[in-house]
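K.L.:
There are 2 protein chains.
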Amino acid sequence: MRIALDTMGGDHGPAPNVGGAALALATNPDLTVVLVGDRAQLEPLLAAASLPIGRVEVVHAAQVVEMKEKPGEAFRRKPDASVFRAWQLMATGQVDGLVSAGNTGAVVAGGLMSRRFLKGVHRPGIATVMPNAKGRCVIMDVGANVFPQPRHLLQYGVMGSVFARYILNIERPTLGLMNVGEEEGKGHDLAQKTFELFRASPLNDRFVGNIEGRDIHRGAVDVVVTDGFTGNVMLKLSEGVLEFVLGIVNQEVIGALQVEREQAQLAMKALIAKYHYSAVGGAPLLGVEGVCIICHGSSKDNAIASALGVAALNVRVKLNEKIVASLDALPSGDE
Amino acid sequence: MRIALDTMGGDHGPAPNVGGAALALATNPDLTVVLVGDRAQLEPLLAAASLPIGRVEVVHAAQVVEMKEKPGEAFRRKPDASVFRAWQLMATGQVDGLVSAGNTGAVVAGGLMSRRFLKGVHRPGIATVMPNAKGRCVIMDVGANVFPQPRHLLQYGVMGSVFARYILNIERPTLGLMNVGEEEGKGHDLAQKTFELFRASPLNDRFVGNIEGRDIHRGAVDVVVTDGFTGNVMLKLSEGVLEFVLGIVNQEVIGALQVEREQAQLAMKALIAKYHYSAVGGAPLLGVEGVCIICHGSSKDNAIASALGVAALNVRVKLNEKIVASLDALPSGDE
Numbered sequence: 001m002r003i004a005l006d007t008m009g010g011d012h013g014p015a016p017n018v019g020g021a022a023l024a025l026a027t028n029p030d031l032t033v034v035l036v037g038d039r040a041q042l043e044p045l046l047a048a049a050s051l052p053i054g055r056v057e058v059v060h061a062a063q064v065v066e067m068k069e070k071p072g073e074a075f076r077r078k079p080d081a082s083v084f085r086a087w088q089l090m091a092t093g094q095v096d097g098l099v100s101a102g103n104t105g106a107v108v109a110g111g112l113m114s115r116r117f118l119k120g121v122h123r124p125g126i127a128t129v130m131p132n133a134k135g136r137c138v139i140m141d142v143g144a145n146v147f148p149q150p151r152h153l154l155q156y157g158v159m160g161s162v163f164a165r166y167i168l169n170i171e172r173p174t175l176g177l178m179n180v181g182e183e184e185g186k187g188h189d190l191a192q193k194t195f196e197l198f199r200a201s202p203l204n205d206r207f208v209g210n211i212e213g214r215d216i217h218r219g220a221v222d223v224v225v226t227d228g229f230t231g232n233v234m235l236k237l238s239e240g241v242l243e244f245v246l247g248i249v250n251q252e253v254i255g256a257l258q259v260e261r262e263q264a265q266l267a268m269k270a271l272i273a274k275y276h277y278s279a280v281g282g283a284p285l286l287g288v289e290g291v292c293i294i295c296h297g298s299s300k301d302n303a304i305a306s307a308l309g310v311a312a313l314n315v316r317v318k319l320n321e322k323i324v325a326s327l328d329a330l331p332s333g334d335e
Numbered sequence: 001m002r003i004a005l006d007t008m009g010g011d012h013g014p015a016p017n018v019g020g021a022a023l024a025l026a027t028n029p030d031l032t033v034v035l036v037g038d039r040a041q042l043e044p045l046l047a048a049a050s051l052p053i054g055r056v057e058v059v060h061a062a063q064v065v066e067m068k069e070k071p072g073e074a075f076r077r078k079p080d081a082s083v084f085r086a087w088q089l090m091a092t093g094q095v096d097g098l099v100s101a102g103n104t105g106a107v108v109a110g111g112l113m114s115r116r117f118l119k120g121v122h123r124p125g126i127a128t129v130m131p132n133a134k135g136r137c138v139i140m141d142v143g144a145n146v147f148p149q150p151r152h153l154l155q156y157g158v159m160g161s162v163f164a165r166y167i168l169n170i171e172r173p174t175l176g177l178m179n180v181g182e183e184e185g186k187g188h189d190l191a192q193k194t195f196e197l198f199r200a201s202p203l204n205d206r207f208v209g210n211i212e213g214r215d216i217h218r219g220a221v222d223v224v225v226t227d228g229f230t231g232n233v234m235l236k237l238s239e240g241v242l243e244f245v246l247g248i249v250n251q252e253v254i255g256a257l258q259v260e261r262e263q264a265q266l267a268m269k270a271l272i273a274k275y276h277y278s279a280v281g282g283a284p285l286l287g288v289e290g291v292c293i294i295c296h297g298s299s300k301d302n303a304i305a306s307a308l309g310v311a312a313l314n315v316r317v318k319l320n321e322k323i324v325a326s327l328d329a330l331p332s333g334d335e
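What follows is the structure, given as structure tokens:
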């Protein structure tokens with residue numbers, strides 16, 4: 001299979017993308033990576049990396065969407081930007097998926113503007129995987145759709161469940177709706193109406209109802225459904241709290257040790273490597289034709305490599321076919 | 001000064017309330033606590049606690065709002081519930097403030113239904129204090145107003161700033177608007193319109209603009225403005241991530257130590273005591289006549305005591321007078 005990599009996106013430019021491609025090619029024998037970006041910058045990196053012949057291609061793109069650029073404007077003004085070139089490769093069937101650590105809004109805009117949504121999908125959404133006390137869960141949406149309708153959230157529940165089933169290997173994923181309290185009738189209009197849609201849907205028997213912020217990391221459900229505004233805040237807040245708590249533990253606990261400080265520091269490093277976003281493999285934009293994986297802007301080689309691996313897995317398990325079939329099972333009134 | 005304590009609220013019944021009152025009375029010589037609740041349950045606890053004579057009173061309330069009860073219904077059906085009795089005591093000038101670890105919705109409903117808002121206040125909101133890398137910050141609103149208007153959020157910025165100034169002693173508090181990205185124009189309609197209101201307000205020179213979830217614990221601002229839905233999720237999510245990270249550190253770092261495990265466990269306990277919600281002293285409902293402090297349902301003695309202490313401090317510094325003066329300085333179009 002062929003995955004396009006937007007090498008110009010991200011905070012660190014093309015280098016971690018080429019490095020990540022090398023790692024992913026070594027562990028995914030069926031993978032070909034199409035590096036999209038400035039050929040003049042890519043070729044010296046490729047020469048130094050000695051990647052497997054025939055499994056790497058370069059597609060030149062003359063423009064770059066900067067991290068702070070407004071996505072809509074960028075889409076109009078920079079048709080030759082690497083991220084939009086990657087979307088074009090997917091739209092024309094030249095690649096099966098794409099990975100980008102660039103401007104998230106621009107990656108999403110590329111997908112929304114293409115209008116190549118899967119059959120039955122109202123609005124694509126971003127799913128993300130988060131560690132919890134029982135393993136891992138999926139949160140959807142974390143930023144593609146900041147003011148959704150209830151029927152969008154119902155579909156996010158469906159798509160998130162399919163992702164949990166086939167990518168995280170959770171047999172019968174349970175779902176919860178992010179809210180300000182567990183009781184029925186809690187929250188704003190969107191939450192109340194979405195709750196009713198889930199109760200009336202075929203997902204009802206796996207829908208535990210409303211959940212609260214503290215339930216996520218306790219592992220209360222496998223799929224957390226939320227609007228893109230709340231989800232985006234949640235994702236970045238979790239990152240911030242993790243960073244903060246590890247910082248104070250380092251200072252106030254590890255720092256107080258005399259004999260075993262070095263050993264504890266090594267264990268902390270292993271823990272960070274295990275729970276850091278870079279181990280997660282990027283966040284898929286679900287609901288579009290093809291596969292789109294969005295990486296953190298600060299991704300290094302290993303984060304890019306795991307995102308390429310997740311993209312390849314999405315293609316291998318034919319995730320989109322399963323999403324379309326699951327959406328098809330919803331009552332027609334919800335479509 | 002006199003503070004009413006809703007002794008029937010919370011997960012643990014009257015005992016931690018009586019215990020908390022004893023602690024608070026010992027450290028606040030100007031304080032009288034009015035225990036509101038079931039006299040038959042309170043009297044044996046009081047007899048055992050030997051509280052200072054003349055500084056504790058009991059006001060009987062025959063009903064209790066349960067933790068899972070719907071606030072609006074409870075307000076209609078249980079006029080003699082301890083939490084509503086406490087509000088009545090404040091409305092009739094018999095106490096200066098109230099503290100409750102009961103059903104948060106019912107505490108807020110008691111305040112909203114009283115309609116005794118401070119001059120100029122459109123909607124009261126709940127402020128909470130959160131630790132960050134630079135010390136502490138205020139987040140407002142965390143659940144009183146789940147679908148606010150932009151002018152409500154502007155006032156939350158004003159009230160949160162006054163709280164940061166006079167309760168947290170931050171000289172010139174900076175403000176940020178919770179959003180999905182830093183750039184202007186980000187987010188949903190509410191976020192965009194609120195951003196413009198702040199830019200056009202006298203708070204503009206302390207308004208840093210949009211902030212993201214990861215900025216909070218890094219200490220980017222002193223006051224975080226957000227709607228009650230997002231804020232409530234943030235508050236509980238932070239609690240969940242803290243609990244989760246401390247759990248994995250305990251298991252994967254502290255558990256791996258041979259020699260200094262006990263010492264590390266003690267340091268972890270000290271750290272939890274320092275950063276746990278119980279050290280924060282409850283969350284004030286700002287914008288109402290009098291002082292109202294809402295505690296976590298699972299509060300023990302020390303959490304109740306610190307909430308009583310914060311309530312007393314609010315009265316001492318005349319926080320409400322300062323809020324009214326600050327709101328008065330807003331351009332009339334925003335009121």
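So the protein sequences, as listed, match chains A and B.
So the first sequence is residues 1 to 335, counted in this note's numbering.
So the second sequence is residues 1 to 335, counted in this note's numbering.
Note that CB positions come from ideal geometry on N, CA and C, so glycine has one too.
Could you tell me the distance, in whole angstroms, from the CA atom of I126 (chain A) to the CA atom of L285 (chain A)?
P.N.:
Taking the first sequence and counting its residues from 1, the one referred to as residue 126 (chain A) is at position 126. Taking the first sequence and counting its residues from 1, the one referred to as residue 285 (chain A) is at position 285. Looking at the two C-alpha atoms, the distance is approximately 4 Å.
K.L.:
What does DSSP give as the partner residue(s) for P284 (chain B) in the beta ladder?
P.N.:
Residue mapping note: residue 284 (chain B) aligns to position 284 of the second sequence, counting from 1. Its beta-bridge partners are B:I293.
K.L.:
Please classify R199 (chain B): does DSSP put it in a helix, a strand, or coil?
P.N.:
Within the second sequence, the letter at position 199 stands for residue 199 (chain B). DSSP places R199 (chain B) in helix when its eight states are reduced to three.
K.L.:
Can a CB atom of chain B be found closer than 8 Å to the CB of F195 (chain A)?
P.N.:
As a position in the first sequence, residue 195 (chain A) is number 195, starting the count at 1. No, no contact with chain B.
K.L.:
How long is the line joining the alpha carbons of V64 (chain A) and M8 (chain A), rounded to whole angstroms?
P.N.:
Within the first sequence, residue 64 (chain A) is the residue found at index 64, counting from 1. Within the first sequence, residue 8 (chain A) is the residue found at index 8, counting from 1. Going by the C-alpha atoms only, they are around 6 Å apart.
K.L.:
Tell me the rounded alpha-carbon separation between G290 (chain A) and R165 (chain A).
P.N.:
The count along the first sequence starts at 1 and reaches residue 290 (chain A) at position 290. The count along the first sequence starts at 1 and reaches residue 165 (chain A) at position 165. Rounded to the nearest angstrom, the two C-alpha atoms are 19 Å apart.
K.L.:
Is K68 (chain B) near the ligand GDP, in the sense that its beta carbon is under 7 Å from a heavy atom of that ligand?
P.N.:
Within the structure as shown, the ligand GDP is missing, as the structure has no ligands at all.
K.L.:
Which whole-angstrom value is the C-beta distance of L237 (chain B) and M234 (chain A), which I expect to be below 8 Å?
P.N.:
The sequence position of residue 237 (chain B) within the second sequence is 237, counting from 1. The sequence position of residue 234 (chain A) within the first sequence is 234, counting from 1. L237 (chain B) to M234 (chain A), Cβ: 6 Å. Contact.
K.L.:
If we call anything under 8 Å between Cβ atoms a contact, is V18 (chain A) one with C137 (chain A)?
P.N.:
Here residue 18 (chain A) is taken as the residue at index 18 of the first sequence, counted from 1. Here residue 137 (chain A) is taken as the residue at index 137 of the first sequence, counted from 1. Result no, Cβ atoms of V18 (chain A) and C137 (chain A) do not sit closer than 8 Å.
K.L.:
Express the C-alpha separation of G281 (chain A) and D334 (chain A) in angstroms, rounding to a whole number.
P.N.:
On the first sequence, position 334 is the one that residue 334 (chain A) refers to. On the first sequence, position 281 is the one that residue 281 (chain A) refers to. With a pLDDT of 47 at D334 (chain A), under the threshold of 50, the predicted position of this residue should be treated as unreliable, and no value is reported.
K.L.:
Give a yes or no on whether the C-beta atoms belonging to I293 (chain B) and V310 (chain B) are separated by under 8 Å.
P.N.:
Looking up residue 293 (chain B) in the second sequence gives position 293. Looking up residue 310 (chain B) in the second sequence gives position 310. A contact, by the Cβ cut-off of 8 Å.
K.L.:
Please tell me whether K324 (chain A) and K119 (chain A) are closer than 8 Å, where the distance is taken between their beta carbons.
P.N.:
Here residue 324 (chain A) is taken as the residue at index 324 of the first sequence, counted from 1. Here residue 119 (chain A) is taken as the residue at index 119 of the first sequence, counted from 1. At residue 324 (chain A) the sequence reads Val, which differs from the Lys that was named. Yes.
K.L.:
Under 8 Å, Cβ to Cβ, is there at least one residue of chain A near G9 (chain B)?
P.N.:
As a working mapping, residue 9 (chain B) is identified with position 9 in the second sequence. No, no contact with chain A.
K.L.:
Could you compute how far the alpha carbon of E43 (chain B) sits from the alpha carbon of G13 (chain B)?
P.N.:
Residue 43 (chain B) sits at position 43 when you count from the first residue of the second sequence. Residue 13 (chain B) sits at position 13 when you count from the first residue of the second sequence. Rounded to whole angstroms, E43 (chain B) to G13 (chain B) spans 14 Å at the Cα level.
K.L.:
When Cβ atoms are compared, which residues of the stretch 293–319 of chain B fall closer than 7 Å to chain A?
P.N.:
The stretch 293–319 of chain B vs chain A, Cβ under 7 Å: nothing.
K.L.:
Rounded to whole angstroms, what is the Cα-Cα separation between L98 (chain A) and Y156 (chain A)?
P.N.:
One-based indexing of the first sequence puts residue 98 (chain A) at position 98. One-based indexing of the first sequence puts residue 156 (chain A) at position 156. Distance between the alpha carbons of L98 (chain A) and Y156 (chain A) is about 21 Å.
K.L.:
Can you tell me where the beta strand (DSSP E) with N210 (chain A) in it begins and where it stops?
P.N.:
As a working note, residue 210 (chain A) is residue 210 in the first sequence. Looking at the DSSP string, the run of the beta strand (DSSP E) that includes N210 (chain A) is F207 to I211.
K.L.:
Buried or exposed, going by whether 16 or more other CB atoms sit within 10 Å of the CB of R2 (chain B)?
P.N.:
Your numbering for residue 2 (chain B) matches position 2 in the second sequence. Buried is the call here.
K.L.:
Identify whether R2 (chain A) lies in helix, strand or coil by the three-state DSSP scheme.
P.N.:
Position 2 of the first sequence, counted from the first residue, corresponds to residue 2 (chain A). Note: R2 (chain A) maps to strand in three-state DSSP.
K.L.:
Of all the CB atoms in chain E, is at least one closer than 8 Å to the CB of E262 (chain B)?
P.N.:
As a matter of chain content, chain E is missing from the structure shown, whose protein chains are A and B.
K.L.:
Could you check the C-alpha separation between Y275 (chain A) and V221 (chain B) for me, to the nearest Å?
P.N.:
Counting from one through the first sequence, the residue named residue 275 (chain A) turns up at place 275. Counting from one through the second sequence, the residue named residue 221 (chain B) turns up at place 221. Cα-Cα distance, rounded: 27 Å.
K.L.:
Which term fits A40 (chain A), buried or exposed, when burial requires 16 or more other beta carbons within 10 angstroms of its beta carbon?
P.N.:
Looking up residue 40 (chain A) in the first sequence gives position 40. So A40 (chain A) counts as exposed.
K.L.:
Less than 8 Å separating the beta-carbons of S201 (chain B) and L23 (chain B)?
P.N.:
The count along the second sequence starts at 1 and reaches residue 201 (chain B) at position 201. The count along the second sequence starts at 1 and reaches residue 23 (chain B) at position 23. It is not a contact, given that the beta carbons lie outside the stated cut-off.
K.L.:
Going by CA-CA distance only, name the one from B:L175, B:A267 and B:G143 that's closest to G219 (chain B).
P.N.:
For the purposes of this step, residue 219 (chain B) is taken as the residue at position 219 of the second sequence. Of the candidates B:L175, B:A267 and B:G143, the one whose C-alpha sits nearest the C-alpha of G219 (chain B) is B:L175.
K.L.:
So, at 6 Å on beta carbons, what are the nonlocal neighbours of L327 (chain B) in its own chain, with the 5 sequence-adjacent residues on each side left out?
P.N.:
For this step, residue 327 (chain B) is matched to residue 327 along the second sequence. Excluding positions up to five away in sequence, the list reads G120 and V158.
K.L.:
With a threshold of 8 Å, are at least 3 pairs of Cβ atoms found where one atom belongs to the stretch 89–103 of chain B and the other to the stretch 200–215 of chain A?
P.N.:
No, the stretch 89–103 of chain B is not in contact with the stretch 200–215 of chain A.
K.L.:
Is the Cβ of S201 (chain A) closer than 8 Å to any Cβ of chain B?
P.N.:
Along the first sequence, read from residue 1 onward, the residue named residue 201 (chain A) stands at position 201. Not one chain B Cβ lies under 8 Å of S201 (chain A).
K.L.:
State the CB to CB distance for the pair V162 (chain A) and L319 (chain A), rounded to an integer number of angstroms; the pair is presumed to be in contact (CB under 8 Å).
P.N.:
The residue labelled residue 162 (chain A) in the question sits at position 162 within the first sequence. The residue labelled residue 319 (chain A) in the question sits at position 319 within the first sequence. Their Cβ separation, rounded to whole angstroms, is 7 Å, which keeps V162 (chain A) and L319 (chain A) in contact under 8 Å.
K.L.:
Return the CA-CA distance between V107 (chain A) and V241 (chain B), expressed in angstroms with no decimal places.
P.N.:
Position 107 of the first sequence, counted from the start, is the residue given in the question as residue 107 (chain A). Position 241 of the second sequence, counted from the start, is the residue given in the question as residue 241 (chain B). Looking at the two C-alpha atoms, the distance is approximately 29 Å.
K.L.:
Should F198 (chain B) be flagged as near chain A, meaning a C-beta pair shorter than 8 Å?
P.N.:
Taking the second sequence and counting its residues from 1, the one referred to as residue 198 (chain B) is at position 198. F198 (chain B) does not count as touching chain A.
K.L.:
Residues of the stretch 140–154 of chain B in Cβ contact with chain A at a cutoff of 7 Å, in chain order, please.
P.N.:
Against chain A - using a Cβ distance shorter than 7 Å - the residues of the stretch 140–154 of chain B are G143, V146 and F147.
K.L.:
Output the boundary residues of the alpha helix (DSSP H) element that contains Q115 (chain A).
P.N.:
Here the question's residue 115 (chain A) lines up with position 115 in the first sequence. For the sequence presented, residue 115 (chain A) should be read as Arg rather than Gln. Here R115 (chain A) belongs to no alpha helix (DSSP H), and DSSP marks it neither H nor E.
K.L.:
DSSP state of N232 (chain A), grouped into three classes?
P.N.:
Here residue 232 (chain A) is taken as the residue at index 232 of the first sequence, counted from 1. Note: N232 (chain A) maps to helix in three-state DSSP.
K.L.:
Taking L98 (chain A) as part of the beta strand (DSSP E), name the residues at either end of that continuous run.
P.N.:
Counting from 1 along the first sequence, the entry for residue 98 (chain A) is found at position 98. It spans G97 to S100 - the beta strand (DSSP E) in which L98 (chain A) sits, taken as one unbroken run.
K.L.:
Can you find the residues in the same chain that come closer than 7 Å, C-beta to C-beta, to L313 (chain B), ignoring five residues on each side of it along the sequence?
P.N.:
Taking the second sequence and counting its residues from 1, one reaches residue 313 (chain B) at position 313. Contacts found: I167.
K.L.:
For the alpha helix (DSSP H) holding N17 (chain A), just list the boundary residues, first then last.
P.N.:
Working through the first sequence from its first residue, we reach residue 17 (chain A) at position 17. That run of the alpha helix (DSSP H) goes P14 to T27.
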